[in-house]
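Chains as they are written, first to last, in this note's numbering: chain A, 1 to 387; chain B, 1 to 387. For every residue, glycine included, the Cβ atom is placed at its ideal position computed from N, Cα and C. As the structure is a prediction and not an experimental result, all values here were calculated from the model. Reading through the structure tokens given below for one structure.
This is the structure we're talking about:
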């Protein structure tokens, strides 16, 4: 397999009530990424998106976004793996370069979710569930995560307030991220006062519905060398994905995300690294319980111990394993098909030393984990700075 | 790039009013392909699908189908490029093997379109168009193709009845395909009597709305050699894709499918072949006009001459360039996300000498062309028998 490098990245601010169309949002992020990469033309575009057919009457985003960005003619297509669609598009782009088919491709994750009524959006999100077993019976992603969080509290005799530290950390880091949806601090009092959306999930345990787009340019070593390189050399040291049952009723253990365990294991094996080598971890904190299970599944904590990492102050920018360093899904926002690419853009900013006020000191190796559904698809990437 | 081979294939009959769910349909086609490949386990699954979110409240088909087929845990995701989704999934699977990431993967294209009302299905199909410019103004894929067909008739002073030969050929070949939706002969009288759906398109110019699933197993040379090989060795000599503007208002020339021209050119270059080397061509006859433009775009006829290939008897099983050899989209059926994979399964049956009554004599090299929208995404593959 050929090595694959990140040559540049771009993002638009996560917002609500975005005026632009999906193709405009995507083209803006993509153009920023192309500029960041030195203005090189790419040979293919892989879009990550989940909801545009249902919420915007628009499939076929690959060709649309390529054209809107001035790239008419190149290969383009869309990858979908529910909320893991962004990192799924990254998997495709990675293989396109690793295979030798192309030397420069772009990956662009995007979602527009706030222009329809809330019921329609919630219902569309539930198509990530096992519909006949879950969505059709009224389950939403809030209610499914509530079942999982409840079981965590029960089995581990945990106090619900311990989850607050994940949301507080995310909001803290978002304060200095101009692309974050929320730039307001959160404390334990505010968390405790927030309404219970579905017990035991409070409003501040959940990520927001929002709009956004982010993009990356990937290159082979040859293409990277030929370009006037404005950024440090960042290699994709691992790219991995694994699945589990989509319905939570059919899981071996509700608290063990097999997809996270398997894809992390594959990623560490590919990179020749372990959890101790990771300087920061952009995980999928769509709900605080998912942050906990991702930390445990990836091996940063034993089962039942992930919750305490936050309470022990280990997840901050100067902690043992910094997470949600630009605000995470919770505070930067979770435009679902865009999220996996936002995570990768942020991880790239960190390991290339461009994270500004959000910089994790001496970050050289970053891991990302993007989750589809309640853990049915988990995609793990490791980025490594090489100079 | 590593060579990629087709190790086995499976399909379920194209039908209307399918009782099974999408995951069951996909799992059945996938299981058939795995059995055909010698029962080997695959490491990843790439699903092609366009409409399941809108028509079945179900996204996230990758993980669902993998689980339903007994493959829980493997990597899985969905590729979408409108009606080109099936071949887009094939592109992903191809890169997964070519890159060296995996040695055995599956590709499964599927669609279920007949369980909802016709208006809803037509509207969902229109999400393949440039929605704000086309679908939102009432355009359907029938009306968009009618515009293109009208221009062809006008510019080339052609008689509309010449299009009948494409539909008649498709129905003739479907008579001996047990997986085809339509197994009834068509003649010029019946064609002329058929209602005009939207002028100049008659009912028999258009492919049907239907349900279906088809699958392929792809392997590296190493994996193929390790397996007890029940089939001739068939290599993917080319895999290519290109795009054009999604909206037809924005095309350079309404009758020149730039996506077909570019992706065919890339495919021929990759394979080191030209149109004269192709023994059969599974093209995208969603409408008879698309068959004509695909023949012209791929280089089998000069612009304005594709229409006459059928009239001259050149597209039959023993013609110069056999097309729709198992009935094509017109008569085998067009379950949109499944179509690209059905085409590849049929091309594989042909070059491996397993096409039975539909066999093109001495077929060794086959080309497929799968089209998204009215030509905005075109994916071209060439299969070559190597022994």
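### Message
Quick check on DSSP: helix, strand or coil for residue 166 of chain A?
### Response
Reduced to three states, the DSSP call for residue 166 of chain A is helix.
Is residue 370 of chain B closer than 8 angstroms to residue 340 of chain B when the C-beta atoms are compared? Closer than 8 angstroms, so yes.
Alpha carbon to alpha carbon, how far is residue 109 of chain A from residue 213 of chain A?
Taken atom to atom, the span from the alpha-carbon of residue 109 of chain A to that of residue 213 of chain A is near 6 angstroms.
Requested in this report: Check the Cβ of residue 348 of chain B against every Cβ in chain A and list those closer than 9 angstroms, keeping chain order.
Outcome: Within chain A, not a single residue places a beta-carbon under 9 angstroms from that of residue 348 of chain B; the smallest gap is close to 21 angstroms.
Notebook entry, point to check: Is DSSP giving residue 218 of chain B helix, strand or coil here?
Noted result: It is a strand residue.
Got a sec: which bits of the segment 246-267 of chain A sit with their beta carbon under 7 angstroms from any beta carbon on chain B, in order along the chain?
Near chain B, meaning a CB-to-CB distance below 7 angstroms, the residues of the segment 246-267 of chain A are 246, 258, 262.
Q) By DSSP, does residue 50 of chain B sit in helix, in strand, or in coil? A) Here residue 50 of chain B sits in coil by DSSP.
- Query: Quick one: what does DSSP say residue 176 of chain B is sitting in, helix, strand or coil?
  - Reply: Collapsing the DSSP output to three states places residue 176 of chain B in coil.
Original post:
From A:184, A:300, A:159, pick the residue whose C-alpha is nearest to that of residue 368 of chain A; which is it?
Top reply: A check of alpha carbon separations from residue 368 of chain A across A:184, A:300, A:159 identifies A:300 as the nearest.
**Study point:** Distance, residue 74 of chain B Cα to residue 258 of chain A Cα
**Key:** Residue 258 of chain A and residue 74 of chain B: Cα-Cα distance of roughly 11 angstroms.
**Asked** Which ranges does the beta strand (DSSP E) cover as unbroken runs of at least 3 residues, wholly within the segment 222-309 of chain B, from first to last along the chain?
**Response** Assignment of beta strand (DSSP E) within the segment 222-309 of chain B, counting only whole runs of 3 or more residues, yields 234-243, 280-282 in chain order.
Discussion item. For a quick check, are the C-beta atoms of residue 201 of chain A and residue 158 of chain A less than 8 angstroms apart?
Written reply: No. Outside cutoff.
Same chain, Cβ closer than 8 angstroms to residue 129 of chain B, five either side skipped, listed in chain order: For residue 129 of chain B, where only same-chain residues beyond five positions count, the Cβ hits under 8 angstroms are 135, 139, 141, 144, 246, 247, 373, 374.
- Item | Which residues DSSP lists as bridging residue 109 of chain B, in chain order | According to DSSP, residue 109 of chain B bridges with B:48, B:214.
*Roughly how many whole angstroms lie between the Cα atoms of residue 41 of chain A and residue 220 of chain A?*
Approximately 13 angstroms, taken between the alpha carbons.
**Report entry** Close Cβ partners of residue 282 of chain B (< 6 angstroms) along its chain, the five nearest in sequence each way excluded
**Finding:** Sequence-distant partners of residue 282 of chain B (beyond 5 residues in either direction) whose C-beta falls short of 6 angstroms from its own C-beta, in its chain, are 343, 346, 347, 368.
DSSP three-state assignment for residue 23 of chain A, whether helix, strand or coil: Reduced to three states, the DSSP call for residue 23 of chain A is helix.
Exercise. Mark residue 358 of chain A as exposed unless 16 or more other C-beta atoms lie within 10 angstroms of its C-beta, in which case mark it buried.
Key: Its Cβ being crowded by 16 or more others within 10 Å, residue 358 of chain A is buried.
Residue 25 of chain B at chain A interface by Cβ criterion, 8 angstroms:
So no, residue 25 of chain B is outside the interface.
Near residue 315 of chain A, which residues of its chain fall below 6 angstroms by C-beta distance, leaving aside the five closest residues on each side in sequence? Answer for residue 315 of chain A: 169, 309, 323, listed in chain order.
Note to self: Which residues does DSSP list as the beta-bridge partners of residue 377 of chain B?
What the structure shows: Bridge pairing for residue 377 of chain B: B:243, B:372 [DSSP].
Using a Cβ-Cβ cut-off of 6 angstroms (strictly less than) and excluding sequence neighbours within five positions of residue 330 of chain B, which residues of its own chain qualify? Excluding the 5 residues flanking it on each side, residue 330 of chain B has same chain C-beta neighbours closer than 6 angstroms at 167, 170, 207, 285, in chain order.
| query | What's the call for residue 94 of chain B, buried or exposed, on a 16-neighbour Cβ count within 10 Å? | reply | With 16 or more other Cβ atoms within 10 Å, it is buried.
Alpha-carbon to alpha-carbon, residue 243 of chain A and residue 69 of chain B: Rounded to whole angstroms, residue 69 of chain B to residue 243 of chain A spans 13 angstroms at the Cα level.
Notebook entry, point to check: Is residue 367 of chain A helix, strand or coil by DSSP?
Noted result: DSSP places residue 367 of chain A in strand when its eight states are reduced to three.
- residue 306 of chain B versus residue 379 of chain B: straight-line alpha-carbon distance, rounded: Note on geometry: alpha-carbon atoms of residue 306 of chain B and residue 379 of chain B lie some 19 angstroms from one another.
Endpoints, beta strand (DSSP E) assigned at residue 141 of chain A: Bounds of any beta strand (DSSP E) do not take in residue 141 of chain A; it lies within the alpha helix (DSSP H) bounded by 141-156.
Practice problem: Throw me the rounded Cβ distance for the residue 186 of chain B and residue 204 of chain B pair, which I believe falls under 8 angstroms. | Solution: The Cβ separation is near 6 angstroms, so the contact holds.
Secondary structure at residue 197 of chain B, three-state DSSP: helix, strand or coil? Residue 197 of chain B: strand per DSSP, three-state reduction.
Q. Could one say the Cβ of residue 64 of chain B lies closer than 8 angstroms to chain A's Cβ atoms, at least one of them?
A. At a cut-off of 8 angstroms between C-beta atoms, residue 64 of chain B counts as an interface residue with respect to chain A.
Are the segment 219-239 of chain A and the segment 116-123 of chain A touching, with three or more C-beta to C-beta distances below 8 angstroms? With the rule of 3 Cβ pairs closer than 8 angstroms, the segment 219-239 of chain A does not count as touching the segment 116-123 of chain A.
- Item | Nearest-angstrom beta carbon gap, residue 297 of chain B and residue 388 of chain B [assumed within contact, 8 angstroms] | The requested residue 388 of chain B does not occur in the structure, where chain B is confined to residues 1 to 387.
- For residue 210 of chain A, which option in A:35, A:149, A:51 has the closest C-alpha, if you only look at C-alpha atoms? The residue among A:35, A:149, A:51 with its C-alpha nearest the C-alpha of residue 210 of chain A is A:51.
- By a C-beta neighbour count over all protein chains shown, 10 Å radius and 16 as the cutoff for buried, is residue 53 of chain B buried or exposed? Flag for residue 53 of chain B reads buried.
Worksheet entry | Minimum Cβ-Cβ distance from residue 227 of chain B to chain A less than 8 angstroms | The beta carbon of residue 227 of chain B does not come within 8 angstroms of any beta carbon belonging to chain A, so the residue lies off that interface.
Q) With burial defined as no fewer than 16 other Cβ atoms inside 10 Å of the residue's Cβ, what is the status of residue 250 of chain B: buried or exposed? A) Note on residue 250 of chain B: under 16 other CB atoms within 10 angstroms of its CB, so exposed under the neighbour-count rule.
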